[in-house]
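One structure below.
Listed below in structure tokens is the structure:
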């Protein structure tokens, strides 16, 4: 690889001075990565935490920095181990030598990992996860022509577009681009790149094995810093202690000292805290629900790219299929809705929703019910949240109808929306440490919960069903629905999701 004379150094508020490889700088200086300056990292959290206005651009640079730092630490330890073995003249056959060579991390691989960290979030839409988790899923339910899509797919498409528009062959080749893409998103059929035997490299940016990766390390530190929340997890220490260890024949994974389990559990607890106190705060949920509704109503009127011939434009939900259009899709859609011309009823309603947000006239949380399971079946990951919401609303609706003896007006239910909340530590209802790779004396070992079981919560996952009211003026039918919901202290429900109890944990204030 060509030797480069100069790198760029920038100052990051979380990590301090960061050194950027020249190819990373070239990528940063494209409109596709600059676009991330205009997408808030935490969506609607700034309506509760005013400081949470940092963007995906900052996070991407931080992730790239940590990716390179972890990769170099692993590279250093692998090289030291090989040198130590040679020094003591440890006897080994040719197979051992080939294995050691295969484990060595090259400078080009370090660069690829840094680029993957830099580009992993290129595909995020307006207000980050709100776009693909809320808006796009509902838009797809209403329009069967829309393809299945998530922001990682957008990242890969954006990455292809970037490499079509820059000169990169002095640094990497086409095979390396395929490697970078698989570092960002694991193919459904498994890894196909020539690097696939180096399992540990695929655990740096997007770790599908146990969720311990540099993406989370950056957003844990950055989000807590901007939210003003305290956290104890120190990723710098974790990086220093990380090591590549063989756990099964031929399977080498990033591993950590077994004694480090408490610091790693602190990391998972940080995730739980951020979601509980910020990302899924009731006001944040209400605001993001309102933004989602406004985007859905204005979807067909928001055209991208702007100021081109109509035949070449895509509406908001279709823009994900065309990177020339998607390049223009940022948080700016919030303000573009305000300037849409005409008196289309959907657009008028979208504008009214945004006006309500400005006046902090948010959707009201009527109450939430904790889901306590009475049978082993749980919300499976294979069930889309939209299906869960649909069944949850059906269960609540049927209950309320029964209580009111069929006297409810069906046309009032569009003013209510349910939301499924899941709070966990990164591994559903299981201990997140169960999937972490540990080592003792350079040997891979399993984590045994029995050794420290008194340190863990009794349950690793909490599930709630929330009911929100979207109206501005309470009518009598709405009051009956709300009253029935509030009086539903305990109720046994059964459906495709399993049998469970709903236990009231919070209801609206009477003067709300």
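Residue numbers (UniProt numbering): 1 to 512.
Ideal Cβ placement from N, Cα and C applies to all residues, glycine included.
Within the DSSP secondary-structure output, residue 17 pairs in a beta bridge with 11.
For residue 238, the secondary structure class from DSSP, reduced to helix, strand or coil, is helix. For residue 221, there is no enclosing beta strand (DSSP E); the enclosing alpha helix (DSSP H) has its first and last residue at 214-227.
Here residue 425 carries a coil assignment [DSSP, helix/strand/coil]. Within a 10 Å sphere around the beta-carbon of residue 206 sit 16 or more other beta-carbons, which makes this residue buried. Within the DSSP bridge table, the entry for residue 469 names 364, 416 as partners. Where residue 155 is concerned, the enclosing alpha helix (DSSP H) starts and stops at 151-164. Where residue 180 is concerned, the enclosing alpha helix (DSSP H) starts and stops at 174-184. Excluding the 5 residues flanking it on each side, residue 439 has same chain C-beta neighbours closer than 8 Å at 243, 245, 255, 256, 257, 258, 445, in chain order.
In the structure shown, residue 321 falls within a helical segment according to DSSP collapsed to helix, strand and coil.
From the listed residues 28, 33, 61, the smallest Cα separation to residue 17 is found for 61. Checking the DSSP bridge columns, you'll see residue 443 partnered with 440. Of 204, 455, 469, 290, the smallest CA-CA separation from residue 367 is found for 469.
Look at the stretch 320-350 and you find these whole runs of alpha helix (DSSP H), each 4 residues long or longer: 323-326, 333-338. Only residues of its own chain outside the window of five on either side were considered, and among them 186 have a CB closer than 7 Å to the CB of residue 208, listed in chain order. Rounded to whole angstroms, the separation of the alpha carbons of residue 361 and residue 476 is 20 Å. In the structure shown, the three-state DSSP call for residue 269 is helix. Note that the C-beta distance between residue 159 and residue 24 is not below 8 Å. Between residue 111 and residue 204, the C-beta gap is not smaller than 8 Å, which leaves the two residues out of contact. Under the Cβ criterion (8 Å, minimum of three pairs), the stretch 150-164 counts as touching the stretch 117-133. Residue 359 is classed as exposed because its beta carbon has fewer than 16 other beta carbons within 10 Å across all chains shown. When 82, 319, 250 are compared, the shortest CA-CA separation from residue 145 is found for 319. Excluding its 5 nearest sequence neighbours in each direction, residue 274 has C-beta neighbours in its own chain below 6 Å: 223, listed in chain order. In this structure, DSSP gives residue 104 a state outside helix and strand, which the three-state scheme calls coil. Per DSSP, reduced to three states, the secondary structure at residue 41 is coil, with no helix or strand assignment. Annotation for residue 257: no alpha helix (DSSP H) segment contains it, though the beta strand (DSSP E) segment containing it runs 251-257. In the three-state reduction of the DSSP assignment, residue 55 falls in the strand class, which pools E and B. Secondary structure of residue 479 (DSSP, three-state): helix. In the DSSP assignment, residue 243 falls within the unbroken beta strand (DSSP E) covering 243-248. In this chain, the alpha helix (DSSP H) harbouring residue 26 covers 22-28. Straight across, the Cα-Cα distance linking residue 433 with residue 351 is about 46 Å. Only exposed fits residue 50, as fewer than 16 other CB atoms lie within 10 angstroms of its CB. Annotated three-state conformation of residue 117 is helix, per DSSP. With a cutoff of 8 Å on beta-carbon distance, residue 135 and residue 297 are scored as not near each other.
Comparing C-alpha distances from residue 355 to each of 45, 312, 287 shows the shortest one belongs to 287. In this structure, residue 56 sits near residue 128, with a CB-CB distance shorter than 8 Å.
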